Every structure is written in C-alpha cells, then in structure tokens.
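Below is one structure, written out as structure tokens, with a few remarks after it.
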Amino acid sequence: MGATSKGAGDSVDEVVQVGDVDMKVEVVVIPVSDVEAAKVFYGRLGWRLDVTPPGVVQFTPQGSACSVQFGATLSTAKPGSAKSYLVVADLPTVRNAMIAEEIAVSEIFHPGPDGPVDGPDPDRRSYFSRASFSDPDGNEWMLQEVTRRLPGRVDPGEVSFGSSTDLASAMRRAKTAHGEHERRTGEADANWPDWYAQFIASEQSGQAAPQ
C-alpha cells in the first residue's frame, strides 16, 4: 500500500509507491573481534578511511559507492561470519597487487559442473573468474571479475567508471574487440571512437555489443 505525502503548494496528495523510491546501499557492517587489527588490514588494501563518529571505523573501497563499517559495539554477529563480494575488472592484476602488499589471496578459480576449477574461466566470461581472501577475523571477501553486466542491471544511458584504471581496462577490451571487428569487415574503421563508446556502454548495460 502506497504512502501519501503533501508538500507546500500541492493541491492533491501524491501516492508514492515504495518501488519508486531510490534506496542506495550505503554501508555494510562486518563483525570483528579486534578493531585495530581490522583497521590495519583494510588500510593495507588501499581503501579510503572515512571520517566517522567515535566507535565507528569506516572504509570505502576504490570505485565503490558502498562502504564497510566495523566497531566494538556495531554488530552482535560472530566475528568472521560475514561473506561479501568485490567486483573487479581485471582479476589477475588485482590479485598480483594484493600479493605485493603481502595479503593472502587464493588462486584464481572458476565454477565448473562438479565444483570449482583451477584457473580463470577459459572464455573470461563475466561473473565466472574468482579468487578469495579473508580479514584477520576470517570475514571472507570474494573477488569476482565482471566486465559485462547482465542485462537490466545497469541503465544503458548511464556509463561510469570508479577509477581511471577501470576505464583504461575497458578501452583495452574495446581495442581488442574493434580489431576483430575490422578483421570481420576487411576494412579499417575510421569511426573507431564511436565504436569504442558503443562497445564500452554495451559492456556496462549488458546489451549486445556493436558488430
């Protein structure tokens, strides 16, 4: 049942359906036993330490609109019981960067019909190549390589990147795909900037890529 609201100057009540209201995930709370050890660990990941009230520690991963919070009194859940996903555009690069910071990360794997299989997905399909790591309490983070979103998850009119690194990765993928496009057509494409733009937008929205 929709709620009604009336603002100054409104002549009639407006029915607002809950499905029409923006609700953005802002913060996820994770349970930890040692706040200082967790603070050091998430700082090593390069996540931004945000200004917060006393008793609250908040980090925001690069390119993320959602933050992570922890503190001595923020959760009654068992420390180490959380599991979350992090989306990355180039899993091997991210994994190597984490190992350079002496953060233990699993080998890359992908799901198979009988369980996990070693190595990246052979076709590097989005959502399939994965690796995992845990914080000092055992809260698990799953790294998932996503370059093309499933249809309907992103507004096709909105294209954005959380970092210049992600944008550069998208442009490299566009360059590779454009080379295949030119081989198919048998001629050079002078309008490559528009083709690149269409390809990058289609990756984010899950629409068909340009041919």
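Under our numbering, the first residue of the sequence shown is numbered 3, with each subsequent residue one higher. The beta-carbon is built from N, C-alpha and C at its ideal position, and this holds for glycine as well. Just so you know, these numbers come straight off a predicted model, no measurement behind them.
Phe61 sits in a strand when the DSSP states are folded into three classes. At the C-beta level, Asp139 and Ala74 stay beyond 9 Å of one another. The shortest C-alpha to C-alpha distance from Val148 to any of Val59, Leu88 and Ile32 is the one to Leu88. The C-beta separation of Asp92 from Ser171 comes to about 5 Å, placing the pair in contact by the 8 Å criterion. With distances taken between CA atoms, Ser108 lies nearest to Arg132 out of Arg151, Arg132 and Thr54. The C-alpha of Asp52 is placed about 10 Å away from the C-alpha of Val58.
In this structure, Glu182 lies away from Ala190, with their beta-carbon atoms at least 9 Å apart.
In this structure the stretch 59 to 67 lies against the stretch 25 to 40, because at least three pairs of beta carbons, one per stretch, are closer than 8 Å.
The beta-bridge partner set that DSSP reports for Tyr87 consists of Met144.
For Val107, the secondary structure class from DSSP, reduced to helix, strand or coil, is coil. The C-alpha of Val30 is placed about 22 Å away from the C-alpha of Val20. Nearest C-alpha to Ala102 among Leu47, Ser77, Pro33 and Glu38: Leu47. Taken through DSSP and simplified to helix, strand or coil, Glu182 comes out as helix. Beta-bridge annotation (DSSP): Leu51 is paired with Phe61.
Relative to Ile32, the option among Trp143, Val17, Ala199 and Pro212 whose CA is nearest is Trp143.
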